[in-house]
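K.L.:
Residue numbers (the working numbering): 231 to 694.
Cβ atoms here follow ideal geometry from the backbone N, Cα and C, with glycine treated the same way.
Just so it is clear, the structure is predicted and the values come from calculations on it, not from any experiment.
1) So the beta strand (DSSP E) residue 378 belongs to, where does it begin and stop?
2) What is the rounded straight-line gap between the Cα of residue 657 and the Cα of residue 606?
3) Applying the criterion that 16 or more other CB atoms from any shown protein chain within 10 Å of the CB defines a buried residue, is residue 495 buried or exposed?
4) Buried or exposed, going by whether 16 or more other CB atoms sit within 10 Å of the CB of residue 396?
5) Ordered along the chain, which non-local residues of its own chain (more than five positions away) have a Cβ less than 6 Å from that of residue 483?
6) Compute the beta-carbon to beta-carbon distance between residue 518 and residue 546, rounded to the nearest angstrom, for a pair I have assumed lies under 8 Å.
7) Are the stretch 571 to 581 and the stretch 311 to 328 in contact at 8 Å, needing three or more beta carbon pairs?
8) Alpha carbon to alpha carbon, how far is residue 508 from residue 455?
9) Runs of 4 residues minimum, wholly inside the stretch 611 to 637: which ones carry the alpha helix (DSSP H) assignment?
10) Using alpha carbons as the reference points, say which of 475, 553, 610 lies closest to residue 619.
11) According to DSSP, what are the bridge partners of residue 442?
12) Is it true that the CB of residue 389 sits closer than 8 Å to the CB of residue 412?
13) Below 8 Å CB to CB, which residues in the same chain sit around residue 487 once its five sequence neighbours on both sides are set aside?
14) Can you tell me the Cα-Cα spacing of residue 641 and residue 675, whole angstroms?
15) Check whether the stretch 499 to 516 touches the stretch 547 to 554, taking contact to mean three or more Cβ pairs, one atom from each stretch, closer than 8 Å.
16) Less than 8 Å between C-beta atoms, sequence neighbours within five positions excluded: which residues of the same chain meet that for residue 356?
17) Measuring CB atoms only, is the stretch 643 to 654 touching the stretch 664 to 674, in the sense that at least three cross pairs come out at less than 8 Å?
18) So is residue 266 buried or exposed if we call it buried at 16+ other beta carbons inside 10 Å?
19) Which residue wins for smallest C-alpha separation from residue 362, given the options 326, 581, 386, 352?
20) Name, in chain order, the residues that DSSP records as bridge partners for residue 370.
21) Buried or exposed for residue 367, please, with buried defined as at least 16 other CB atoms from any protein chain shown within 10 angstroms of its CB.
22) Which residues bound the alpha helix (DSSP H) around residue 437?
23) If I follow the unbroken alpha helix (DSSP H) through residue 521, where does it start and stop?
24) Residue 538 to residue 477, Cα distance in whole Å?
25) Just confirm the distance between the C-beta atoms of residue 309 and residue 590, as a whole number of angstroms; I'd bet it's less than 8 Å.
26) So the beta strand (DSSP E) residue 492 belongs to, where does it begin and stop?
27) So, at 6 Å on beta carbons, what are the nonlocal neighbours of residue 353 in its own chain, with the 5 sequence-adjacent residues on each side left out?
28) Nearest-angstrom Cα distance between residue 645 and residue 631?
29) I'd like the list of long-range same chain contacts for residue 661, defined as Cβ closer than 8 Å, with 5 residues on each side in sequence excluded.
30) Can you tell which of 534, 604, 540 has the C-alpha that lies nearest to the C-alpha of residue 565?
31) What does the alpha-carbon distance come out to for the pair residue 531 and residue 338?
32) By DSSP's criteria, residue 410 is part of a beta bridge. Which residues make up the other side?
33) Which residue from 527, 586, 622 puts its Cα closest to that of residue 535?
34) If you reduce the DSSP assignment to three classes, tell me which class residue 286 lands in.
35) Can you tell which of 643, 533, 263, 561 has the C-alpha that lies nearest to the C-alpha of residue 402?
36) Which term fits residue 394, buried or exposed, when burial requires 16 or more other beta carbons within 10 angstroms of its beta carbon?
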């Protein structure tokens with residue numbers, strides 16, 4: 231598989247066994263270091279308190295304050311460890327989901343692009359070639375002396391077309407072998423040629439077949455109703471004689487098959503009395519290369535594009551028709567949300583701890599609900615719009631958190647904390663106006679905490 235679709239670089243993924251073992255060993259090592267630190271620090275505090283207790287002066291207030299603080303921290307260690315476990319585990323979980331979702335998004339874009347990828351059918355404009363003799367000078371050495379030599383050589387010159395009337399009918403089918411879209415093109419064109427030169431009457435009408443075709447049939451070139459035959463296989467130059475001031479008309483027709491993009495290349499030369507009509511007999515057809523058509527009409531379930539240039543126009547880029555695919559919008563929204571989800575979880579936990587008395591069981595269940603909601607959002611958004619998916623999940627999320635409190639006031643506290651710290655931040659990361667939504671979530675969180683802590687709106691919601 232192409233490395234482009236492997237996921238987000240340098241991001242841990244639990245589906246990679248080597249990364250899982252590596253991070254597990256690092257977490258175990260860090261856990262042992264923290265445990266040793268707290269154990270040594272606790273022994274030191276106990277020894278200091280014991281030494282001060284034996285002294286006649288008693289325990290110093292600073293030491294007593296440190297010992298009391300240490301034991302208070304020890305009482306909160308289970309909650310801290312549980313939140314850290316949920317935070318670290320949630321980070322690895324969310325990073326894995328972000329990698330998988332990024333992989334799925336890129337694969338979806340690649341599959342969509344592959345239906346219309348490949349070489350384009352590019353039709354070059356014909357050229358009217360003639361040969362002239364012109365003198366040139368070069369120098370040669372003869373017997374040690376430089377000699378000036380004058381000779382003549384044949385040089386190809388090209389004459390502009392007097393007019394081009396091109397009619398193209400394009401049908402779109404699907405290749406049964408690789409399931410890609412292909413074009414079948416019915417090409418018919420008339421080219422007017424007028425000899426405006428003096429002393430030149432021998433010309434070649436050179437018409438190249440389209441580049442990138444896989445099949446071409448019924449190729450035919452006519453001059454004034456008389457068919458011209460190819461002399462050599464693969465030679466698309468047709469000699470003709472045209473006296474000065476005379477006009478003639480060439481008609482070219484064939485059917486070709488190739489990639490789902492047909493363009494006409496004028497070669498960057500000045501064109502006049504030019505008219506190209508392309509009828510695309512399929513939906514979602516659009517003009518290519520940014521050359522705006524003179525006229526566009528919907529016709530029989532397809533589109534007819536017309537380019538008309540009257541006099542002295544130079545078009546550098548090839549222009550024509552291609553199949554417009556459905557735009558892939560809002561890519562990267564879910565991976566960004568999943569990478570920031572642990573921060574949202576930590577903010578939500580802080581609001582809950584400051585609003586509702588929580589046990590270890592409550593924290594574990596609440597964390598499971600949060601990350602399960604993100605998991606449901608990740609896979610539901612593959613078939614629904616992400617905003618619609620979160621609009622269906624967030625009421626369930628709020629409803630489950632309503633049962634966290636044991637009284638009506640505590641339930642309201644849990645509901646408001648979840649709304650401000652869990653639901654609105656997720657909305658802020660998936661909607662267009664992220665900054666405005668996140669700022670409203672932050673203002674609501676600060677307002678709710680001020681009501682709980684300062685105004686006594688929920689005395690029962692304070693932690694014991």
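P.N.:
On the basis of the supplied data:
1) 375 to 389
2) 15 Å
3) buried
4) buried
5) 418, 450
6) In fact, because the Cβ distance is near 14 Å, the residues do not count as touching under 8 Å.
7) yes
8) 24 Å
9) 616 to 632
10) 610
11) In DSSP, residue 442 forms no bridge with anything.
12) no
13) 412, 413, 414, 415, 443, 444, 445, 446
14) 16 Å
15) yes
16) 391, 421, 435, 436, 437, 438, 480, 482
17) yes
18) exposed
19) 386
20) 377
21) exposed
22) Where residue 437 is concerned, there is no enclosing alpha helix (DSSP H), given that its DSSP letter is neither H nor E.
23) Looking at the DSSP string, residue 521 is not in any alpha helix (DSSP H), and its letter there is neither H nor E.
24) 22 Å
25) 7 Å
26) 491 to 495
27) 440, 494
28) 6 Å
29) 617, 667
30) 604
31) 27 Å
32) DSSP output for residue 410 lists no bridge partner at all.
33) 527
34) Annotation note: pLDDT 47 at residue 286 (below 50); position unreliable, no value reported.
35) 533
36) buried
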